[in-house]
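Sequence lines, in order, name chains F and Z.
All letters in the first sequence, in the order written, are residues 516 to 1030 by my numbering.
All letters in the second sequence, in the order written, are residues 516 to 1030 by my numbering.
In what follows, a structure is listed as structure tokens, so that the remarks can point back to it.
Number of protein chains: 2
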Amino acid sequence: MLTPLVRAIAVAAPLPCLGDNTGDIDRLKKVLAPQLGGDMPVVPYQRLSKVAVRFRAAGFAGAAIINDMAGTPVLVDFLSQPPKVLAGMALDLGTTHLEATLLDLSTGAVLARADLENGQIRFGADILTRIHHAAKEEGLFELHRAIIDSVNQLAAELARSSGLAVAEIRALSVSGNTSMVHFFLKINPCHLCREPYIPMVNAPDPCLAGELGLAIHPAAVVWLLPSVGSYFGGDLISGVLASGLDQQPETCMLIDVGTNAEVIVGNREWLIACAGAAGPALEGGVARMGMRAGPGAIEHVRIDPATGEIGYETIGKGKPKGLCGSGLIDLVAELYLTRQIDIRGKFRPQAAGERLIAGSEGYRFVVVEGKDAADGQPVVLGQVDLDALMRSKAAMYAILTTLTNQVGVAFEDLHRIYVAGAFGRHISPRQAIVLGMLPDLPLATYEPVGNSSLAGAQRVLLERQARERCLALAGKITYIELNVNQEFMLRFSGSRFIPHTDHALFPSVPFFDGE
Amino acid sequence: MLTPLVRAIAVAAPLPCLGDNTGDIDRLKKVLAPQLGGDMPVVPYQRLSKVAVRFRAAGFAGAAIINDMAGTPVLVDFLSQPPKVLAGMALDLGTTHLEATLLDLSTGAVLARADLENGQIRFGADILTRIHHAAKEEGLFELHRAIIDSVNQLAAELARSSGLAVAEIRALSVSGNTSMVHFFLKINPCHLCREPYIPMVNAPDPCLAGELGLAIHPAAVVWLLPSVGSYFGGDLISGVLASGLDQQPETCMLIDVGTNAEVIVGNREWLIACAGAAGPALEGGVARMGMRAGPGAIEHVRIDPATGEIGYETIGKGKPKGLCGSGLIDLVAELYLTRQIDIRGKFRPQAAGERLIAGSEGYRFVVVEGKDAADGQPVVLGQVDLDALMRSKAAMYAILTTLTNQVGVAFEDLHRIYVAGAFGRHISPRQAIVLGMLPDLPLATYEPVGNSSLAGAQRVLLERQARERCLALAGKITYIELNVNQEFMLRFSGSRFIPHTDHALFPSVPFFDGE
């Protein structure tokens, strides 16, 4: 039995007569209450007249539209017939990309999927630039307008491909990082990036779509997954929800790899999290040849150690356009294993052969030649991109060691490590271990959970229990700020080698010394 | 201990630090919850940014402003210092007049009083004309604008005389008849005057002042006393509250005399009500010389049976301007007792002497000559006014007998009869009995309760229990529609004489037969 964010409840009220002169709204509330567990629904002032007029016009029978807002049933509309489909939109509100699904809220079935580049990118690819842009009020308004426009585009596309009007979308759940949620709500994020890194709000109360300028039904309930801190957003809470980390007896870990590396460790008793800027290397659209996991993205790479020949797989099996996160990790690990880069992540010209081209910005390695690529442009990996990846992987491992050290848990004690991240569908834990990004544990310890941000948004769209769990979770997670952590900085320096300065930490990875 | 509609709660939150990165709003909610009985307050979207910015600007300490909205604590503002006075406005939203007080919500003290003619009168003195005017949307908007303008004027006056800014008024309670509440909320009242006489809403949920275009603080909570039916409004619920009718073991009655005669009978077990159009005779500002109980209104009249000399008392002891309801009842009763009018309420020229003047619109009786009146204009009572009063008093008695008959209660069984009505401060039950308006019972049975509409509005402004009692009451009262009641029509005809066609019903009143 689903308990979605919005429900259509069929009612047939007794007709008004001289012996029963209950007001229209009161009459409707009265017949609804028994179907709402005895709760009287609330009618917001701006919907009062519309609901009353439609209820009467429908002859006092039809379907009441009830939002679940912070546990309170809110009566927002009335239809003469129950809607053929009661549709809700789940949204992964990413810094770079938005991904959304439209769900049939009575069955949970996916009606449509869509994704779109975040329209805010024209104000800055990375989130810090945007936060600075939002320091002025008009900047914040621009960023808000840009993200709302993008969400409206997505909603229109979802509606079109489902044969619905966009105003038939009557609920929206949003899973995003803390900064994106601030932009979405048009609230100033300026304190997010200044010590002590405080959001304006972690768990905003639900609101109505019309208040945000969204094109879906103006009385659609908008529910945002709560965040825990500036660098631990609702997208991570989604990950916990999707992995079930918070319900397990054994201690497990969840890692989300993106612009930020976000990590949470714990079990059903306790949960501790931290996050750090991992650099933009792994985020599609930021690294020069990086792209989101989508058609044409190289997601797996193999280099023949004997011939140096490069084999790859693209999503959709078509010609390659670029590298998504998992492809990038594969490529760099293979470059290391074939000794074309050294332990510091620098190209070795003597080994890399003719694929390596020297240019004004340093070396560039041609992964796919222009003639074999989708748009005629070669897919290349520059030294600049490599350096960025090295910082990212170092940050990730430093975060993992700092966090586990803080709670006194050894990597070996972890029952399971869930790897989330929308940037690559299938991160290969083995290749990430080779790079020294993830700890050298048996591969069975790792379990990919895909785009858990979207999965979480879908869950909260459909299940009240999931919504309550999210709110409880946000209050339960202890967040450790790493931006100013000295231990982290030390560990970061030690991790800027492949796999690590302390080779004993990675016994399974070949170590090529002294070149 | 008062539990007003809005409270200022002093808080000093722990400062944000790296070890405590709770979001600003979440931080504030967390320190508030223990002071709200453990309830987490809700922050409406339109107040989110303002509250967060002010909380931070105040150094995370000051006073949170919390509305009590349908039992839910709603956090709407933050001040760096607790306000010197937290002010709330109680409003009696009358068809003809508005009356309001400004209260200090922490003590219940009255800071200021004000009253004003209802600005809607230019669209029609009686409510039916206005309801017809509201049939077109622009008509409804005009009426809404007019009443909001009047309320804003009153609020400005209250603020001025209390030395406050109008935006410092942070709550408003409204007690009005059902039609006035519809106009106030800008919802169409067209079904109120058509069988089966159904309001759009009886118990609207509270809203914020900004949503209605009010000039008081935009986040001020607006709480409306619920109504029971088209002709039984929140003003009557106020009367029940003020009289305590709903808490008494003995069966009592409450009568509100105005444009409509509204009656409720019952005890702590049951309550039955009805109402009927009593005609405009008793409403100040409608009868030609009628006026509201205020300075210059004649509120008591005596006629010397020997000399015919008229003695009167005015409110404020100044020169007379007109007659308020109680003065009108006194005058007509005295005219009957001195046989200057007959049992049908017609002037007897042979007895009335030179005060009676024949004119194109029938006889006019000079109560006060121009030289003795406040503005040089004589205070007169026309035959037209007398006829209207006769209809009113007949309607009132017919309503009382119909209602008691329906519930099987004799007048003698009533422990107490409360007489409410803003139109006159002190209705004399004796004179009302002479006219046959009220039943011929010992005078001790009658207890005047004054302007209980305003008193009720004040109670709900200050006490949560009173608010809950109102809502429970509105659901508990059985309403009988008299507009189509045959028994009522028969009883109405029998009551169009002084005191009544059946003289046995009024043994204490002299009966002058056969003239």
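Ideal Cβ positions, reconstructed from N, Cα and C, are used throughout, including at glycine.
Since this is a predicted model, take the numbers as computed values, not measurements.
{"Query": "Rank Z:L687, Z:F570, Z:G923 and Z:A680 by C-alpha distance to the C-alpha of Z:L606 and give the top, closest one.", "Result": "Z:L687"}
{"Query": "In whole angstroms, what separates the C-alpha of Z:G800 from that of Z:G1009?", "Result": "Its pLDDT being 41, under 50, Z:G800 is placed unreliably in this model, and the value from its coordinates should be taken loosely. Whole-angstrom Cα-Cα distance: 28 Å."}
{"Query": "Does the stretch 735 to 751 of chain Z come within contact of the stretch 892 to 905 of chain Z, defined as at least 3 CB pairs closer than 8 Å?", "Result": "no"}
{"Query": "Any heavy atom of the ligand ATP closer than 6 Å to the CB of Z:H1018?", "Result": "The model on display carries no ligand, and the ligand ATP is accordingly not part of it."}
{"Query": "Alpha carbons only, please: which of F:A671, F:K834, F:R637 and F:K544 is nearest the one belonging to F:E657?", "Result": "F:R637"}
{"Query": "Going by C-alpha distance, which of Z:I844, Z:G971, Z:P1025 and Z:A959 is nearest Z:M952?", "Result": "Z:I844"}
{"Query": "Can you check whether the C-beta of F:A528 is within less than 7 Å of a C-beta belonging to chain Z?", "Result": "no"}
{"Query": "Per DSSP, what kind of secondary structure is Z:R807 in: helix, strand or coil?", "Result": "coil"}
{"Query": "Taking the alpha-carbon positions, what's the Z:L904 to Z:H1015 distance?", "Result": "14 Å"}
{"Query": "Give the residues of chain Z in contact with F:C532, contact being defined as C-beta atoms less than 8 Å apart.", "Result": "P711"}
{"Query": "With C-beta atoms as the reference, is Z:I581 less than 7 Å away from Z:L594?", "Result": "no"}
{"Query": "Leaving out five residues on either side along the sequence, give the residues of the same chain with a beta carbon under 6 Å from the beta carbon of Z:F1083.", "Result": "This structure cannot speak to residue 1083 of chain Z, because chain Z is shown only from 516 to 1030."}
{"Query": "Hey, could you find the ends of the alpha helix (DSSP H) F:R660 is sitting in?", "Result": "E652 to S677"}
{"Query": "Between the beta-carbon of F:P597 and the beta-carbon of F:A578, is there less than 7 Å?", "Result": "yes"}
{"Query": "Measure the CB-CB distance between F:M911 and F:A776 and report whether it falls below 7 Å.", "Result": "yes"}
{"Query": "Would you check if the distance between the CB atom of Z:D539 and the CB atom of Z:R571 is smaller than 7 Å?", "Result": "yes"}
{"Query": "So Z:L729 packs on Z:V666, CB below 8 Å; how close in whole Å?", "Result": "6 Å"}
{"Query": "Compare the Cα-Cα distances from F:L533 to each of Z:V883, Z:V600, Z:L707 and Z:F575 and report the closest residue.", "Result": "Z:L707"}
{"Query": "Whose Cβ in chain Z lies nearer than 7 Å to the Cβ of F:D554?", "Result": "The contacting residues do not exist; F:D554 stays about 11 Å from chain Z at best."}
{"Query": "If distances are taken between C-alpha atoms only, which option among F:I787, F:G840 and F:R569 comes closest to F:Y994?", "Result": "F:I787"}
{"Query": "In the DSSP assignment, find the beta strand (DSSP E) that holds Z:L953 and state where it starts and stops.", "Result": "Counting along the chain, Z:L953 falls outside any beta strand (DSSP E), and DSSP gives it neither H nor E."}
{"Query": "Quick one: Cα of F:A621 to Cα of F:G603, how far?", "Result": "Inspection of the sequence shows that residue 621 of chain F is occupied by Ser rather than by Ala. Cα-Cα distance, rounded: 10 Å."}
{"Query": "Between F:A567 and chain Z, is there a C-beta pair that is closer than 7 Å?", "Result": "yes"}
{"Query": "For a test of the three-state rule: what should DSSP assign to F:C722, helix, strand or coil?", "Result": "strand"}
{"Query": "So who's on the other strand from Z:A981, going by DSSP bridges?", "Result": "Answer by DSSP bridge pairing: none, since Z:A981 is not bridged."}
{"Query": "Would you say F:E657 faces chain Z, with C-beta separation under 7 Å as the test?", "Result": "no"}
{"Query": "Leaving out five residues before and five after F:K908 in sequence, what residues of the same chain have Cβ atoms less than 6 Å from its Cβ?", "Result": "L950 and M952"}
{"Query": "Run through chain F and tell me which residues come within less than 7 Å of Z:V557, C-beta to C-beta.", "Result": "A585 and D720"}
{"Query": "Write down every uninterrupted run of the alpha helix (DSSP H) in the stretch 854 to 900 of chain F whose length is 4 residues or greater and which is fully enclosed by it, in chain order.", "Result": "864 to 867"}
{"Query": "Would Z:G503 be called buried (16 or more neighbouring beta carbons within 10 Å of its own) or exposed?", "Result": "Outside the shown range of chain Z, which is 516 to 1030, sits residue 503 of chain Z, and nothing can be said about it."}
{"Query": "Quick check: F:P704 and F:A649, are their CB atoms within less than 7 Å of each other?", "Result": "yes"}
{"Query": "My understanding is that F:H930 touches F:C789, with C-beta atoms under 8 Å, so please give their C-beta distance in whole angstroms.", "Result": "Between F:C789 and F:H930 the Cβ distance is about 20 Å, and since that is not below 8 Å, they are no contact."}
{"Query": "Quick one, which of Z:G826, Z:G805 and Z:I942 has its alpha-carbon nearest Z:T611's?", "Result": "Z:G805"}
{"Query": "Just to confirm before moving on: does the CB-CB distance between F:M584 and F:P741 stay below 7 Å?", "Result": "no"}
{"Query": "How would you write the range of the alpha helix (DSSP H) that Z:V1024 sits in, first residue to last?", "Result": "It is not in any alpha helix (DSSP H) - Z:V1024 carries neither H nor E in the DSSP assignment."}
{"Query": "Could you confirm whether any beta carbon from chain Z is found closer than 7 Å to the beta carbon of F:S564?", "Result": "yes"}
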